[in-house]
Amino acid sequence: MSAAEIDRTLQRVAHEIVEKSGGTKHLALIGIRRRGVPLAQRIAQAMRGIDGVEVPVGTLDITLYRDDLSKVAPQAVLQSSEIPFGVDGMDLVLVDDVLYTGRTIRAAMNGLFDLGRPRRVSLCVLIDRGHREMPIEAQYTGRVVQTSDTEIIEVRLREIDNEERVVLVDRVE
Amino acid sequence: MSYRFRDLLALEPLCAAEISFLLDQSKPFQEIQRHPLKKLATLRGKTVALAFFENSTRTRISFNTAASRLGADTMNLQAEASSLKKGETLLDTAFNLNAMKPDCLVMRHYSSGAADYVSRHLDIPVVNAGDGTHEHPSQGLLDALTIRDRKGTIENLNVTILGDLSHSRVARSNIHLLGKFGCRFTLCGPAMWVPRELEKIAPGTAIRSVYKIEEALEDADVIIMLRVQTERQHEASISDNDYIHGYQLNAERLKRARPDALVLHPGPMNRGIEITPEVADGPQSCVLDQVTNGVAVRMAILYLLVVGEQGTHPAAPAPIEHNRRATDRSSQSSASPEPVPQKRDS
Chain A
8 MSAAEIDRTL
18 QRVAHEIVEK
28 SGGTKHLALI
38 GIRRRGVPLA
48 QRIAQAMRGI
58 DGVEVPVGTL
68 DITLYRDDLS
78 KVAPQAVLQS
88 SEIPFGVDGM
98 DLVLVDDVLY
108 TGRTIRAAMN
118 GLFDLGRPRR
128 VSLCVLIDRG
138 HREMPIEAQY
148 TGRVVQTSDT
158 EIIEVRLREI
168 DNEERVVLVD
178 RVE
Chain B
8 MSYRFRDLLA
18 LEPLCAAEIS
28 FLLDQSKPFQ
38 EIQRHPLKKL
48 ATLRGKTVAL
58 AFFENSTRTR
68 ISFNTAASRL
78 GADTMNLQAE
88 ASSLKKGETL
98 LDTAFNLNAM
108 KPDCLVMRHY
118 SSGAADYVSR
128 HLDIPVVNAG
138 DGTHEHPSQG
148 LLDALTIRDR
158 KGTIENLNVT
168 ILGDLSHSRV
178 ARSNIHLLGK
188 FGCRFTLCGP
198 AMWVPRELEK
208 IAPGTAIRSV
218 YKIEEALEDA
228 DVIIMLRVQT
238 ERQHEASISD
248 NDYIHGYQLN
258 AERLKRARPD
268 ALVLHPGPMN
278 RGIEITPEVA
288 DGPQSCVLDQ
298 VTNGVAVRMA
308 ILYLLVVGEQ
318 GTHPAAPAPI
328 EHNRRATDRS
338 SQSSASPEPV
348 PQKRDS
């Protein structure tokens, strides 16, 4: 995926979210660290162009909610979550770059529910690469990509990586 | 950056980058203190043993709260109710607690070096919650976090420490921590409470002792008050009236410090003795922020030590190593994930 394709995809997804949510009044986006954060900000930017509406954006670090802390490298480094609005009664859209096993989203929902009781939580991802291990699906998907277990989807965003593209690469053993 | 020790026994051996890392890792836990639901499941199924061989209310409750908000269970041992009164040695008590399979031991003891001693004989992380007159690392960290939040930095500040310095592990931890960031110290109190040796405990750090509070407060950015520790005084000491007259921090004296100076106190405060209510409850006081931050800092410590320890165990099922001091974990974890035999017998 090129920079232009990523941009077009996010524009489309922004339209879909506004359309399906039936108004932006209670809508808020939550970007999952790290690459969900710039994606959520860009979708919010795109929404400004559609409705002229300011949709609040929060960020969520899911490290403390992971189910595999014992298996990842010792001392998974924590980052801050910043959700500067109440989530009670809100229509939240979780935003992440790649949907794979679904475990990240499971962790993110646990984190969200510690903050209150949103009215609805939906999921938006740039890439759905399959291989789910949880009963989790995205309501808004940029692109579905068939992958094998040995492949990796590399999402590179200019805010974090100083370049902009999505590529499928073989895992280096 | 990471934290390379198995235990947290003292701040003196840490470098500035490691301290900054610990403070940064406390930030997410500060947010959790503001959540409507404060309980995580991160350490579910883990047990934190709290062994307090010396009285403590605040620190014990703080560690207990930190453990339970991380989802861990706690075992509590308190001196008054323990077998210590029946003659059990410190090490036997530690071995017995360890036999109940906790994942971490938090201990306070009246002897300097007690936590270090116990840690050499256990295979679980040990957190020093205060040992004699040596160090109180979690207090040093929570003070630094409080200062950093309010001032935006902990670098190059003028720090005045007031009170009974000779018995104070809080003062030592503060000097070791803030000294690494270029802070300059002025120690002040009655002469018998301000031993000159303290000026040399952190080589490279500017530390001076003065005996007049007015002089000590001049230009201070941070004022750390210490409690008058009646339980540690063996010889006749100063009367309350003399202390109030000579060393009480009141609003008038506080004016000599910088207008944005912070006032910290590790508690419990003797209101009306070392500090007036006006100052204790005033806008410059950080006393309650310290308490809130204490839970966050201790959550970060337990998270790093317990999750980190867990991460290293499958690769290195370490037998109890005597004489082990602060295992360097970064060198272990950089090894290949395959259980390559490492020469560790040296």
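Residue numbers (this note's numbering), protein chains in the order written: chain A, 8 to 180; chain B, 8 to 353.
Every residue gets a Cβ at the ideal spot worked out from N, C-alpha and C, and that includes glycine.
The structure presented is a predicted model; accordingly, all values stated were derived computationally and were not measured.
Query	Result
Return no unless some Cβ of chain B is closer than 9 Å to the Cβ of A:Leu-99.	no
Bridge partners for A:Asp-103 per DSSP, in chain order?	A:Val-132
Which term fits B:Cys-195, buried or exposed, when burial requires 16 or more other beta carbons within 10 angstroms of its beta carbon?	buried
Going by C-alpha to C-alpha distance, which of B:Leu-269, B:Ala-258, B:Arg-13, B:Ile-182 sits closest to B:Ala-122?	B:Arg-13
Sorted by chain position, which residues of the same chain lie with C-beta nearer than 6 Å to B:Asp-296's C-beta, five sequence neighbours on each side aside?	Thr-153
Does A:Thr-66 get closer than 9 Å to chain B when you measure Cβ to Cβ?	no
Please list, in chain order, the chain A residues whose beta carbon lies closer than 8 Å to that of B:Gln-40.	Going along chain A, no residue has its Cβ under 8 Å from B:Gln-40, so there is no contact; the nearest lies around 12 Å.
Round the Cβ separation of A:Leu-99 and A:Ala-35 to the nearest angstrom and send it over; I've been treating them as touching at under 8 Å.	6 Å
In the structure shown, what three-state DSSP assignment does B:Gln-317 receive?	With a pLDDT of 43 at B:Gln-317, under the threshold of 50, the modelled position of that residue is not reliable, and the figure given next carries that caveat. Three-state result, B:Gln-317: helix.
Between which two residues does the beta strand (DSSP E) harbouring B:Gln-85 extend?	80-85
Taking only heavy atoms of the ligand MN into account, decide whether any of them is closer than 8 Å to the Cβ of B:Arg-155.	Of ligands this structure carries none, so the ligand MN is not represented either.
Between which two residues does the alpha helix (DSSP H) carrying B:Ile-182 extend?	176-186
Looking at the unbroken beta strand (DSSP E) that takes in B:Ile-208, where does it start and where does it end?	From DSSP, B:Ile-208 is part of no beta strand (DSSP E); its letter is neither H nor E.
Nearest-angstrom Cα distance between B:Phe-102 and B:Leu-129?	8 Å
With a threshold of 16 other CB atoms inside 10 Å of the CB of B:Leu-98, please say whether the residue is buried or exposed.	exposed
If you compare alpha carbons, which of B:Glu-19, B:Gly-186, B:Leu-30 is closest to B:Arg-305?	B:Leu-30
Along the beta strand (DSSP E) that carries B:Arg-115, what are the first and last residues, could you check?	111-116
Can you find the residues in the same chain that come closer than 6 Å, C-beta to C-beta, to A:Asp-95, ignoring five residues on each side of it along the sequence?	Gly-123, Arg-124
Just to confirm the assignment, what range does the beta strand (DSSP E) spanning A:Tyr-147 have?	147-151
What number of angstroms, rounded off, separates the C-alpha of B:Asn-300 from the C-alpha of B:Leu-269?	15 Å
Give the DSSP-derived three-state secondary structure of B:Asn-135 in the structure shown.	strand
Kindly say whether A:Ala-83, judged by its beta-carbon, lies nearer than 9 Å to any beta-carbon of chain B.	yes
Could you check where the beta strand (DSSP E) with B:Val-166 kicks off and where it finishes?	165-169
Quick check on B:Pro-132: buried or exposed, where buried means 16 or more other Cβ atoms within 10 Å of its Cβ?	buried
Whose Cβ in chain B lies nearer than 8 Å to the Cβ of A:Gln-86?	Pro-35
Round the Cβ separation of B:Asn-83 and B:Met-114 to the nearest angstrom and send it over; I've been treating them as touching at under 8 Å.	That pair is no contact at about 12 Å.
Measure the Cβ-Cβ separation of A:Arg-40 and A:Gly-149 and say whether it is below 9 Å.	no
Roughly how many angstroms separate the alpha carbons of B:Met-232 and B:Tyr-254, rounded to a whole number?	10 Å
Is B:Glu-221 helix, strand or coil when you go by DSSP?	helix
Looking only at its chain, what residues have a beta carbon closer than 8 Å to the beta carbon of B:Gln-40, apart from the 5 residues adjacent to it on each side?	Thr-299, Val-302, Ala-303
Can you tell me whether B:Ile-161 is helix, strand or coil according to DSSP?	coil
Can you tell me which of the three DSSP states A:Thr-5 falls into?	Absent from the structure is residue 5 of chain A, since the part of chain A shown begins at 8 and ends at 180.
Report the CB separation of B:Glu-225 from B:Arg-263 in whole angstroms; it is logged as a contact under 8 Å.	5 Å
Looking only at its own chain, which residues have a Cβ that is under 6 Å from the Cβ of A:Asn-169, when we skip the five neighbours before and after it?	none
Could you tell me the boundaries of the beta strand (DSSP E) in which A:Arg-172 lies?	172-177
For the region 127-134 of chain A and the region 63-78 of chain A, state whether three or more C-beta atom pairs, one from each stretch, are separated by less than 8 Å.	no
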